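Asks:
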Amino acid sequence: MPKIGNIQLPEFPLLLAPMEDVSDPPFRALCKEQGADVVYTEFISSEGLIRDAAKSVMKLDIYEKERPVGIQIFGAVLESMLRTVEIVEASGPDIIDINFGCPVKKVVSKGAGAGILKDIDLMVSLTEAMVKHTKLPVTVKTRLGWDHDSIRILEVAERLQDVGCQAISIHGRTRAQMYKGDADWRPIADVKNNPRMHIPVFGNGDVDTPEKATQMRDKYGLDGAMIGRASIGYPWFFKEVKHYFKTGEHLAPPTIIERVDAARRHLQMAIDWKGEKLGVFETRRHYTNYFKGIPDFKPYRMKMVTSDDSASVFEAFDEVLQVFGDYEFV
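All letters in the sequence shown, in the order written, are residues 1 to 330 by full-length UniProt numbering.
1. Smallest Cα separation from residue 339: which of ARG229, TYR290 and PHE281?
2. Count the other C-beta atoms from every protein chain shown that fall within 10 angstroms of the C-beta of ASP37, then say buried if there are 16 or more, exposed otherwise.
3. Taking the straight line between their C-alpha atoms, what separation do you get for ARG143 and ASP190?
4. Roughly how many angstroms separate the alpha carbons of LEU49 and SER56, rounded to a whole number?
5. Count the other CB atoms, across all protein chains shown, that sit within 10 Å of the CB of ALA213; report buried if there are 16 or more and exposed otherwise.
6. Report the option in PHE314, LYS298, TYR327 and MET269 whose CA atom is closest to the CA atom of ALA29.
7. Do you know offhand how far GLY115's Cα is from ILE73's?
8. Is GLU79 closer than 8 Å to LYS59 when the C-beta atoms are compared?
9. By the DSSP assignment, the beta strand (DSSP E) with SER23 in it spans what residues?
10. May I ask you to verify whether the segment 174–185 touches the segment 128–139, counting CB pairs closer than 8 Å and requiring at least 3?
11. ALA230 and ASP208 look like a contact to me (Cβ under 8 Å); what is the Cβ gap, rounded to whole Å?
12. With C-beta atoms as the reference, is ASP223 less than 8 Å away from LYS192?
13. Taking contact to mean at least 3 C-beta pairs separated by less than 8 Å, is the segment 227–241 in contact with the segment 12–19?
14. What does the alpha-carbon distance come out to for the pair SER91 and ASN6?
15. Return the residue from the list LYS277, LYS303 and ASP326 that minimises the CA-CA distance to GLU258.
16. If I follow the unbroken beta strand (DSSP E) through THR139, where does it start and stop?
17. Just reading off the beta strand (DSSP E) that SER125 is part of, what are its end residues?
18. Determine the burial state of GLU240: buried for a count of at least 16 other Cβ atoms within 10 Å of its Cβ, exposed for fewer.
19. Could you please give the first and the last residue of the uninterrupted alpha helix (DSSP H) stretch that includes VAL191?
20. Just checking my contact of SER45 with MET81 at CB under 8 Å: how many whole Å lie between their CB atoms?
21. Alpha carbon to alpha carbon, what distance is there between ILE71 and ILE271?
22. Identify whether LEU15 lies in helix, strand or coil by the three-state DSSP scheme.
23. What are the uninterrupted segments assigned as alpha helix (DSSP H) that are 4 or more residues long and contained completely in the segment 38–86, given in chain order?
24. Quick check on the DSSP output: what are the complete beta strand (DSSP E) runs of length 3 or more inside the segment 284–315, in order along the chain?
25. Who are the near neighbours of MET304 in its chain, counting only those whose CB is closer than 6 Å to its CB and skipping five residues on each side?
26. Quick check on PHE291: buried or exposed, where buried means 16 or more other Cβ atoms within 10 Å of its Cβ?
27. Need the endpoints of the beta strand (DSSP E) that ASP162 sits in, please.
28. Might you give, ordered along the chain, the residues of its own chain that have their beta carbon closer than 8 Å to the beta carbon of HIS250, omitting 5 neighbours on each side?
29. Just to confirm, are ILE168 and MET130 a CB contact at a threshold of 8 Å?
30. Once DSSP output is grouped into helix, strand and coil, what is the label at PHE202?
31. Rounded to whole angstroms, what is the Cα-Cα separation between VAL320 and ASP184?
32. Can the beta-carbon of ASP52 be found less than 8 Å from the beta-carbon of VAL69?
33. Assuming ASN194 and ILE170 make a contact with CB atoms under 8 Å, what is their CB distance in whole Å?
34. Are the CB atoms of PRO235 and ALA262 within a distance shorter than 8 Å?
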C-alpha cells in the first residue's frame with residue numbers, strides 16, 4: 001500500500017485534486033465524509049503569501065477532520081518558494097505539494113505552474129531546495145510536458161524522486177492541450193512501471209466514472225487516482241468509486257433529500273468560513289452537478305446561481321424539496 005513519507009494510505013487511495021475556488025474547507029469536508037483519502041487545498045501563490053495577500057493567507061486554513069491534508073503552492077522564484085514553505089509549515093499540514101501543472105495563462109506567464117515544464121532543471125532544483133527546507137513530505141503535481149514534442153515525464157519523475165519528492169501526481173495532458181481532448185494515461189503508467197521508481201505515482205485527468213478509476217488501477221497499475229472535475233458538486237463520487245471497487249456494482253445515486261442536505265450544508269459552511277458574499281458566490285459552480293439530471297430544473301438552478309443573498313438560495317433548496325422530493329434518479 002502506498003505511503004507519502006510516513007503517511008500510510010489505503011490500497012489505491014482517492015485524492016481530491018487542488019482546484020482554484022473549489023477545494024476550500026467546506027468542500028474538502030464534504031469530500032472527506034464521502035471517502036476521499038487525501039485532500040489538497042486550492043493552489044496558493046507563493047508571492048501572494050509573502051505579500052500577506054488576504055485570499056492567499058485564507059487558503060492556509062485547514063482542520064483536523066481533513067487529515068491527511070496537503071497545502072499546494074506554486075511559484076518559480078527560489079527565495080519566495082522557500083519563504084512560503086516556512087509559512088505553510090506553520091499552518092500544520094501533513095503534506096506540501098508543489099504545483100508544476102496549472103495551465104492557466106496568468107500562472108504560466110510567470111514561469112510557474114506548467115510554465116516550469118519549459119525549464120526542467122529549475123523544476124528539479126526548486127523541488128530539491130524545498131525538500132531540504134522542510135521536515136514535511138514534499139509532493140509534486142505536474143503534466144506530461146509542455147507540448148507533445150517535449151514530453152519528458154519519465155526523466156522528470158526520476159529526477160524529482162532523486163531529489164526527495166515523496167509522491168508525484170501526473171495529469172495525462174500536456175500544457176498545450178489545456179483540458180481538451182482525452183487524457184493519456186499510458187505515459188503515467190510508463191512512469192509507474194519504471195523499475196527505478198519507488199515513490200507513489202498517482203494518475204489525474206478524466207477519472208469521471210467508477211469504471212475509469214478501476215481501469216487506472218487495474219489496467220495501468222497506478223498507485224491511486226486524483227479526482228478533480230468529477231467531484232465538483234458531487235462529493236459522492238469518492239464513495240461511489242469505492243463501492244464499485246468492492247462490489248463491481250454501481251451505488252444508488254444520492255436522493256433529492258441527500259443532495260439538498262449537502263448543498264445546504266455546503267453553502268452554510270462556506271458562509272461561515274468566508275462570509276455571506278463570497279460564500280454565496282463561490283458555491284454557485286457546484287449547483288449544476290448537485291442537481292444534474294432533474295427534468296425542468298432550470299428555473300430553480302437559475303435562482304440558485306443568480307441570487308446574491310443566501311436566504312434566497314436556501315429558499316430555492318426548500319422549493320426543490322417540495323417539488324422534486326419524490327424524484328428518483330436512475
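Glycine included, each C-beta is placed from N, C-alpha and C at the ideal position. Here the structure is a predicted model, which means the values were calculated and not measured.
Replies: Walking through what the data contain:
1. This structure does not reach residue 339, given that the chain is present from 1 up to 330, and the question cannot be answered.
2. buried
3. 14 Å
4. 6 Å
5. buried
6. MET269
7. 14 Å
8. no
9. Taken as a continuous stretch (DSSP letters only), SER23 belongs to no beta strand (DSSP E), as it is neither H nor E.
10. no
11. 4 Å
12. yes
13. yes
14. 19 Å
15. ASP326
16. 138–143
17. Run containing SER125: none in the beta strand (DSSP E); it sits in the alpha helix (DSSP H), 120–132.
18. buried
19. 186–193
20. Wrong, their Cβ atoms sit about 11 Å apart, outside the cutoff.
21. 22 Å
22. strand
23. 46–50 and 54–58
24. none
25. TYR287, VAL313 and ALA316
26. buried
27. Note, ASP162: premise wrong, no beta strand (DSSP E); alpha helix (DSSP H) at 153–162.
28. PRO210, GLU240, HIS243 and TYR244
29. no
30. strand
31. 39 Å
32. no
33. Actually they are not in contact, since the Cβ atoms of ASN194 and ILE170 sit about 12 Å apart, beyond 8 Å.
34. yes
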